[in-house]
Ligand SMILES: [Fe+2]
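Residue numbers (my numbering): 9 to 256.
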């Protein structure tokens, strides 16, 4: 350091670091819009890892439920709504008289968030009185995060399977509002039913299909079936159109 004192050198280094940091900030602003930071991206990436683990059998389905609910419980909702451009997503939504409208959110490209996720996402939009109709799930884990409005949410354990029925038992029946979460799996709370108590009721849904190889998907049921002992219910399986007609 012949002509540059140690102090000058430090100042120059500091200045270039500040410039780099400023550039990064500007880059993020450009990509994200004002004030948005990638916290949402981090938990979406964490959920991706948990979902890979549950598919790879390194994680039990009930552990996926617990960990995902913990992550969703920490969400900064206004930030997340910006992240998925919620206002734009729902601005032209045509609510259905029965059932939910399913919208597909897009995530900004962010370092650390894989471009292709192992889970699917959607935003359900409902008006007052309509429902995500009662259904169970084969070989799936899913999570709900309420984004707005109020719901009556009912969940049931699925205890037995018959050819045209399943035995279920109620586990949760309560009001859900913004920031509330719930999850389902083969092992816990497999059946759910969410009825909107207000207009402009929105749910963010995460779903992992085919946790194991094999058949996967929704199974519609009528939870108002024959009451058995110990709170159990014999719930008839329903065709999709009947489920929406009866409960949508
Ligand atoms: Fe579901």
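Backbone N, C-alpha and C define an ideal beta-carbon position, used for all residues, glycine too.
Keep in mind it's a predicted model, so treat the numbers as computed, not measured.
Q.
Residues around ligand 1, please: the condition is that the C-beta lies closer than 7 Å to some non-hydrogen atom of it.
A. If you measure from each CB to the nearest heavy atom of ligand 1, the residues under 7 Å come out as 140, 143, 145, 150, 192, 200 and 226.
**Q.** Residue nearest to residue 203 in terms of C-alpha spacing, selected from 86, 61, 68 and 154
**A.** Residue 154 is the option with its Cα nearest to residue 203.
Q.
Assuming contact is defined by CB atoms lying nearer than 7 Å, are residue 247 and residue 233 in contact in what I supplied?
A. It is not a contact, given that the beta carbons lie outside the stated cut-off.
Q. Nearest-angstrom Cα distance between residue 174 and residue 117?
A. Taking C-alpha positions only, residue 174 is separated from residue 117 by approximately 42 Å.
Q. Residue 222: buried (16+ other C-beta within 10 angstroms of its C-beta) or exposed?
A. Counting Cβ neighbours within 10 Å, residue 222 comes out exposed, since fewer than 16 surround it.
(Q) Between which residues of its own chain and residue 146 is the CB-CB distance below 7 Å, once the five residues before and five after are set aside? (A) Result list for residue 146: 223, 224, 225 and 227, in chain order.
Q) Where in the segment 119-164 do unbroken runs of the beta strand (DSSP E), each at least 3 residues long, occur, reported from the N-terminal end onward? A) The beta strand (DSSP E) runs lying completely inside the segment 119-164 and spanning 3 residues or more are 128-134, 139-146 and 149-156, given in chain order.
Q. Distance, Cα to Cα, residue 161 vs residue 206?
A. When rounded, the distance between both Cα atoms is 13 Å.
Q) When the Cα of residue 121 is compared with those of 49, 83, 198 and 75, which residue comes out closest? A) Per the Cα distances, 49.
Q: Report the partner residues of residue 225 according to the DSSP bridge assignment.
A: Looking at the DSSP output, residue 225 shares a beta bridge with 146.
Q. Nearest CA to the CA of residue 77: which residue from 214, 242 and 256?
A. Of the candidates 214, 242 and 256, the residue whose Cα lies closest to the Cα of residue 77 is 214.
Q. Which value, in whole angstroms, describes the spacing of the CA atoms of residue 170 and residue 229?
A. Distance between the alpha carbons of residue 170 and residue 229 is about 12 Å.
Q. Which residues mark the beginning and the end of the beta strand (DSSP E) in which residue 73 is found?
A. Here residue 73 belongs to no beta strand (DSSP E); instead the alpha helix (DSSP H) covers 69-81.
Q | Pairwise C-alpha distance: residue 115 and residue 126 | A | Going by the C-alpha atoms only, they are around 14 Å apart.
Q. Residue 73 and residue 193 look like a contact to me (Cβ under 8 Å); what is the Cβ gap, rounded to whole Å?
A. Yes, residue 73 and residue 193 are in contact; Cβ-Cβ is about 6 Å, under 8 Å.
Q) By how many angstroms is the C-alpha of residue 189 removed from the C-alpha of residue 84? A) Taking C-alpha positions only, residue 84 is separated from residue 189 by approximately 13 Å.
Q: Could you tell me the distance, in whole angstroms, from the CA atom of residue 64 to the CA atom of residue 99?
A: Whole-angstrom Cα-Cα distance: 38 Å.
Q: Enumerate in chain order the residues of its own chain whose CB-to-CB distance from residue 166 is below 7 Å, with the five nearest sequence positions on each side excluded.
A: Within the same chain, and ignoring the five residues on either side of residue 166 in sequence, the residues whose Cβ sits closer than 7 Å to its Cβ are 144, 174, 176, 198 and 199.
Q) Going straight from the alpha carbon of residue 218 to that of residue 137, what length do you get? A) Taking the straight line joining both Cα atoms gives about 31 Å.
(Q) For residue 203, report the span of its beta strand (DSSP E) as first-last. (A) Where residue 203 is concerned, the enclosing beta strand (DSSP E) stretches over 199-204.
Q. Quick one: what does DSSP say residue 107 is sitting in, helix, strand or coil?
A. Three-state result, residue 107: coil.
Q: Return no unless some Cβ of chain D is closer than 7 Å to the Cβ of residue 201.
A: Among the chains of the structure shown, chain D does not appear; only one protein chain is present.
Q | Whole-number beta carbon distance between residue 208 and residue 157, since they are thought to touch under 8 Å | A | Sure, about 5 Å apart at Cβ, within 8 Å.
Q) Do you know how far the Cα of residue 56 is from the Cα of residue 251? A) About 31 Å.
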